[in-house]
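Enquirer: A single structure is presented below for examination.
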Amino acid sequence: MARKSGTAASAITGWGTSALSRKPGASIPQLARDAVLAAIADAGLDSGDIDGLILGQSDNLAEQELTIAFRHSLNLNTLGLLVIDQAKGTTMLQAIQHATMAINAGMVKNVVCVFSDTPIRQSTGAGEAFARPINIMNLPGWERGYGSFGAVAGYALAAAAFKAKYNLDDDCFGHYAIACRKWALLAPSAFMKKELTMEAYLASKFIVDPLRLFDCALPVNGAVAFVVTAADQPSNADHPPVYVQGFGQGHGRRSALSGLVLDDTSGAQYATDMALGMAGLAQGDIDICQLYDAFSFSGLMALEEFGFCQPGEAAGFVKAGQTSPGGELPVNTSGGQLSGFYLQGATPLLEAVIQASGTAGERQVERHDNVFVSNSGGCLEYHATAILSPHRVLQ
Amino acid sequence: MSATDIKTTKAQFADFIAKGQLWLPYEKQSGAVVQLTDLEIFTPDEIDWKRASGTGKLASFVTFHREYHPDFPPPYNVSIIRLDEGPFVLSTLVDLSGSHKIGMAVAAHFDASGRLVFAPVANT
Numbered sequence: 001m002a003r004k005s006g007t008a009a010s011a012i013t014g015w016g017t018s019a020l021s022r023k024p025g026a027s028i029p030q031l032a033r034d035a036v037l038a039a040i041a042d043a044g045l046d047s048g049d050i051d052g053l054i055l056g057q058s059d060n061l062a063e064q065e066l067t068i069a070f071r072h073s074l075n076l077n078t079l080g081l082l083v084i085d086q087a088k089g090t091t092m093l094q095a096i097q098h099a100t101m102a103i104n105a106g107m108v109k110n111v112v113c114v115f116s117d118t119p120i121r122q123s124t125g126a127g128e129a130f131a132r133p134i135n136i137m138n139l140p141g142w143e144r145g146y147g148s149f150g151a152v153a154g155y156a157l158a159a160a161a162f163k164a165k166y167n168l169d170d171d172c173f174g175h176y177a178i179a180c181r182k183w184a185l186l187a188p189s190a191f192m193k194k195e196l197t198m199e200a201y202l203a204s205k206f207i208v209d210p211l212r213l214f215d216c217a218l219p220v221n222g223a224v225a226f227v228v229t230a231a232d233q234p235s236n237a238d239h240p241p242v243y244v245q246g247f248g249q250g251h252g253r254r255s256a257l258s259g260l261v262l263d264d265t266s267g268a269q270y271a272t273d274m275a276l277g278m279a280g281l282a283q284g285d286i287d288i289c290q291l292y293d294a295f296s297f298s299g300l301m302a303l304e305e306f307g308f309c310q311p312g313e314a315a316g317f318v319k320a321g322q323t324s325p326g327g328e329l330p331v332n333t334s335g336g337q338l339s340g341f342y343l344q345g346a347t348p349l350l351e352a353v354i355q356a357s358g359t360a361g362e363r364q365v366e367r368h369d370n371v372f373v374s375n376s377g378g379c380l381e382y383h384a385t386a387i388l389s390p391h392r393v394l395q
Numbered sequence: 001m002s003a004t005d006i007k008t009t010k011a012q013f014a015d016f017i018a019k020g021q022l023w024l025p026y027e028k029q030s031g032a033v034v035q036l037t038d039l040e041i042f043t044p045d046e047i048d049w050k051r052a053s054g055t056g057k058l059a060s061f062v063t064f065h066r067e068y069h070p071d072f073p074p075p076y077n078v079s080i081i082r083l084d085e086g087p088f089v090l091s092t093l094v095d096l097s098g099s100h101k102i103g104m105a106v107a108a109h110f111d112a113s114g115r116l117v118f119a120p121v122a123n124t
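Note that the protein sequences, when read in sequence, are chains A and B. Letter by letter, the first sequence follows residues 1 to 395 of our numbering. Letter by letter, the second sequence follows residues 1 to 124 of our numbering.
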C-alpha cells in the first residue's frame with residue numbers, strides 16, 4: 001500500500017561525527033566507530049537497540065577498508081540488516097533511503113548509517129586522492145592520453161561549457177564560493193573561517209581554469225553517522241527527531257557534462273520530482289537547500305537542474321545574495337563542501353538534519369519546515385535526493 | 001566461438017584510432033549515429049562504421065595549471081569537441097596561435113604520438 005503523501009516515511013533520531021581533520025591519523029574503521037557510537041548516544045539508544053547497519057563505502061579506496069566485519073568493533077546484538085552501500089557521491093542518501101525501506105518492510109527498527117573516509121594520508125594529500133583519470137568517454141584509457149586527471153577535470157569541462165552557454169562573467173563561480181563562506185563563518189564545524197572577498201577569490205590560483213582553488217571542495221578525514229527509525233516510533237533523544245518526507249534517485253543516461261555538450265539533461269530532475277512527489281510538495285515549498293557542491297559550479301548547476309532556478313539564472317540568483325544568510329533560499333548553511341568540509345554525501349545530509357531539527361544555533365534558518373538535500377556523483381551523473389522536516393505530517 | 005574471440009565495439013573504435021583514423025558508429029537498424037560513450041550498448045553486428053568528416057565545434061575547453069603527472073607539464077588544455085555528425089569526444093586543442101572560443105570550428109588530425117587532436121579550422 002502506498003504511503004500517504006505528506007506523512008513521513010521514517011525518522012532520523014540521532015546523528016554524530018568522529019573528529020574531523022585535515023591531517024592523517026585514525027583509520028576509516030576507527031573513525032566510523034566513533035561516529036556510530038556518537039549517533040547512537042545522540043538518539044538516546046544503546047548499542048544493543050541497533051538491529052541494522054549500513055556502511056557507506058567511499059569510492060576513493062583502492063581496496064575495501066570498511067567491511068561488514070566492522071560490526072565486531074561495536075557491541076551489537078544480532079542484526080537484521082547488514083550491507084555496504086557504494087554509489088559514488090550518492091552513497092549516504094542512498095543509505096538513508098535503504099534504511100527507510102528496510103524499516104517499512106518490517107525487517108528492522110533502528111538502523112545506523114555511517115560514512116567514513118580518509119582522503120588525506122601520510123603518502124598522499126587530498127588532491128592526489130582524487131587525481132585519477134575521470135571517466136568521461138567510457139573508452140578504456142582515453143582520458144589518460146590527454147592528461148585529463150582528477151574529478152576536477154570533468155567538473156571544469158562542465159563549468160566551462162555552462163559558463164559559455166549562458167555567457168557568464170569570470171567571477172560567476174566566485175559569488176557562489178563567497179555565499180558559502182558567509183555561512184561557514186557562522187558554523188563551528190566549518191574549516192574555512194576567514195571571510196572571502198571577490199578580490200581574494202580572483203587572486204586564488206587556477207587548478208583547472210575556469211575552476212580556482214576556492215571553487216574546489218575541502219576534503220577532510222572523518223566519519224558521520226545517522227540513526228534511522230520508524231516515523232511513528234517515540235524518540236529517546238533530547239532533541240526533536242527529523243522526518244524523512246520524501247526521497248528520490250535519478251541516474252540518467254547523461255552526466256551534467258555530456259548533457260551540457262549535447263543539450264540534454266541528467267537524472268537530476270527525475271530525482272527531484274520523485275522526492276517532491278512523495279512529500280506532496282513543489283520547489284516553492286522548500287525553505288533551505290543542502291546541495292552536494294564539490295565544486296562551486298555544481299552548486300549553480302544543481303539549483304537549475306533541481307528546478308530551484310530557471311536555466312541560466314542561478315548565477316544571478318546567487319550573486320543577488322538569495323542563497324546567503326538572510327536570502328530567499330538559504331543554500332549550504334554550514335559552508336557546504338567548499339568552506340565547511342568535504343565528506344561526500346554526508347556533508348549536505350548532516351546539515352540538512354541539523355537545520356530541520358532546529359539545532360543549528362547561530363546559523364539556524366528560521367523557516368525550516370522543508371529542507372531539500374541532494375547527493376550527486378560521477379560528474380553530476382548520479383543523483384539522490386531527500387526532503388527532511390521537523391513535522392511528521394505536513395500541513 | 002568463445003567470448004574472447006568477439007571484438008567489442010569499443011575495441012573496433014580503438015583499432016581505427018590506432019591506425020590514425022576517426023570512424024564513427026551508426027546503428028544499423030535506424031541509421032542513427034551513436035555517441036562514443038554509448039558504444040557498449042551495441043554488439044559489433046548492430047553497428048555500421050563510417051569515416052568521420054573530422055570537423056566539429058569546440059564544446060568545452062579547460063586549462064590545467066596543476067601537474068598531475070610528469071608526462072603532462074602544465075599549462076595544457078583538455079577540450080571537448082562536438083563533431084559535426086553529432087558525437088562528442090574529449091581531446092586537446094593544438095595550434096593555438098590566437099584566442100579560442102567555445103563554439104569555434106575545429107578539425108581533427110593525429111599528432112606525432114598518434115593521438116587524435118583538433119586544431120582551429122582557420123589554422124588548418
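Using N, Cα and C, we set each Cβ at its ideal position, and we do this for glycine too.
(1) Let's test the definition: count the other Cβ atoms within 10 Å of the Cβ of K163(A) and tell me whether it reaches 16, buried, or not, exposed.
(2) Kindly say whether I134(A), judged by its beta-carbon, lies nearer than 7 Å to any beta-carbon of chain B.
(3) So I134(A) and C379(A) are supposed to be a Cβ contact under 8 Å. How far apart are they, rounded?
(4) Under 7 Å, Cβ to Cβ, is there at least one residue of chain D near F206(A)?
(5) So what's S181(A) in DSSP terms, helix, strand or just coil?
(6) Can you name the residues of chain A whose CB is closer than 7 Å to the CB of A59(B)?
(7) Could you list which residues in chain A have their beta carbon closer than 8 Å to that of H65(B), in chain order?
(8) For R115(B), would you say it is in contact with chain A, using Cβ-to-Cβ distances shorter than 7 Å as the test?
(9) In chain B, what lies closer than 9 Å to M137(A) by C-beta?
(10) Residue ranges of each beta strand (DSSP E) run of no fewer than 3 residues wholly in the stretch 272–300 of chain A, ordered along the chain?
(11) Ignoring anything shorter than 4 residues or poking outside the stretch 57–94 of chain B, list the alpha helix (DSSP H) runs there in chain order.
(12) Using the three-state DSSP reduction, which class does G378(A) fall into: helix, strand or coil?
(13) Taking C-alpha atoms, which residue in F115(A), V111(A), A225(A), F214(A) lies nearest to L196(A)?
(14) Check whether the stretch 209–225 of chain A touches the stretch 155–173 of chain A, taking contact to mean three or more Cβ pairs, one atom from each stretch, closer than 8 Å.
(15) Could you tell me whether the stretch 84–101 of chain A touches the stretch 26–43 of chain A, using the rule of 3 or more Cβ pairs below 8 Å?
(16) Less than 7 Å between CB atoms is the rule here; does F16(B) satisfy it with respect to chain A?
(17) Which residues does DSSP list as the beta-bridge partners of Q249(A)?
(18) Closer than 7 Å by C-beta to A102(A): which residues in its own chain qualify, once you throw out the five before and the five after it? Chain order, please.
(19) Check whether chain B comes within 7 Å of S148(A), counting only Cβ atoms and requiring the distance to be less than that.
(20) Counting only beta-carbon separations shorter than 7 Å, does A237(A) have a partner in chain B?
(21) Count the other C-beta atoms from every protein chain shown that fall within 10 angstroms of the C-beta of V365(A), then say buried if there are 16 or more, exposed otherwise.
(22) Where do the ends of the beta strand (DSSP E) carrying I207(A) lie?
(23) Going by beta-carbon coordinates alone, are G335(A) and A187(A) separated by less than 7 Å?
(24) Taking 7 Å as the threshold (beta carbon to beta carbon), is A156(A) in contact with chain B?
(25) Using beta carbons (cut-off 7 Å, strictly below), is G145(A) in contact with chain B?
(26) Cβ of S376(A) within 7 Å of Cβ of Y292(A)?
(27) Can you give me, in chain order, the residues of the stretch 6–27 of chain A that have a beta carbon less than 7 Å from any beta carbon in chain B?
(28) How long is the line joining the alpha carbons of S73(A) and R33(A), rounded to whole angstroms?
(29) Whole alpha helix (DSSP H) runs in the stretch 140–205 of chain A with 4 or more residues, listed along the chain?
(30) Inspect the beta-carbon positions of F290(A) and E328(A) and report whether they are closer than 7 Å.
(31) Apart from the five residues just before and just after V242(A), which ones in its own chain have a Cβ nearer than 6 Å to its Cβ?
Expert: Let me lay it out:
(1) buried
(2) no
(3) 7 Å
(4) As a matter of chain content, chain D is missing from the structure shown, whose protein chains are A and B.
(5) The identity of residue 181(A) in the sequence shown is Arg, whereas the question assumes Ser. Of the three classes helix, strand and coil, the one that applies to R181(A) here is helix, per DSSP.
(6) A161, V261
(7) K205, F206, I207, V208, D209
(8) yes
(9) L36, T37, F88, V89, L90
(10) 288–290
(11) none
(12) coil
(13) F214(A)
(14) yes
(15) no
(16) no
(17) A384(A)
(18) G52, L81, V108, V111
(19) yes
(20) no
(21) buried
(22) 206–209
(23) yes
(24) yes
(25) yes
(26) yes
(27) none
(28) 7 Å
(29) 150–165, 172–184, 198–203
(30) Checking the sequence, you will find Gln at residue 290(A) rather than Phe. No. Outside cutoff.
(31) I12, V353, A356, S357, L388
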